[in-house]
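Below is one structure; the comments refer to it alone.
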Amino acid sequence: GIGQSEVREALRRIQQGHILQIFPSGDMQQSGLRNSHEGIAFLAEKSKALVYPVVLQVIMRGAQKPEVFVVLGEKLEFKNTRGEFIQELETSVNGLLEQLDQQLQDTHPEAKPDGSESWLEPQLRFDQRMAKKKKWWQF
Numbered sequence: 244g245i246g247q248s249e250v251r252e253a254l255r256r257i258q259q260g261h262i263l264q265i266f267p268s269g270d271m272q273q274s275g276l277r278n279s280h281e282g283i284a285f286l287a288e289k290s291k292a293l294v295y296p297v298v299l300q301v302i303m304r305g306a307q308k309p310e311v312f313v314v315l316g317e318k319l320e321f322k323n324t325r326g327e328f329i330q331e332l333e334t335s336v337n338g339l340l341e342q343l344d345q346q347l348q349d350t351h352p353e354a355k356p357d358g359s360e361s362w363l364e365p366q367l368r369f370d371q372r373m374a375k376k377k378k379w380w381q382f
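Note that the sequence shown covers residues 244 to 382 in our numbering.
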């Protein structure tokens, strides 16, 4: 786990204006993220920094290589208690996951979902590669 010195260092860096990326030790279940680590709420409370939930999903669709989808959520601000903040964070992350899942479900596996951007193009399927090669051999 993370010790007190690492938490103090993270807090110091946030207060200096650095960006801190945290991958929570919550559990992914069929219904979404549960049991998020209280460390995020602690740092948000102490630093007064905004928290931006991010969902990252790696899936296989129509291509032979996995595709990576990233969704950035609306900023969250610590207001009341850690428990309430964690609930708000989990609600946001689960909503983003549902939104991304629905968008991927509604999009053809070989098409990019609306509003998405490709940073790495997936490899063509075997039949697509063979179709390209076949064109070379036809005279």
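A virtual CB, placed ideally from N, CA and C, is assigned to each residue, including glycine.
Taking the continuous beta strand (DSSP E) assigned at residue i, which residues delimit it?
i          : result
valine 314 : 310-315
valine 301 : 297-302
Express the C-alpha separation of residue j and residue i in angstroms, rounding to a whole number.
i                 : j                 : result
proline 352       : tyrosine 295      : 28 angstroms
phenylalanine 321 : asparagine 337    : 18 angstroms
phenylalanine 369 : phenylalanine 328 : 47 angstroms
glutamine 258     : lysine 291        : 9 angstroms
leucine 343       : leucine 286       : 27 angstroms
serine 359        : valine 313        : 9 angstroms
leucine 263       : leucine 347       : 29 angstroms
valine 301        : proline 309       : 6 angstroms
alanine 374       : glycine 305       : 16 angstroms
Go ahead and label residue i buried or exposed: buried means 16 or more other beta carbons lie within 10 angstroms of its beta carbon, across all protein chains shown.
i              : result
isoleucine 283 : buried
valine 298     : buried
glutamate 249  : exposed
alanine 354    : exposed
leucine 315    : exposed
leucine 293    : exposed
Using the DSSP secondary-structure output, state which residues sit across from residue i in a beta bridge.
i           : result
leucine 319 : Val294
The alpha helix (DSSP H) spanning residue i covers which residue range?
i             : result
threonine 334 : 325-348
serine 248    : 247-258
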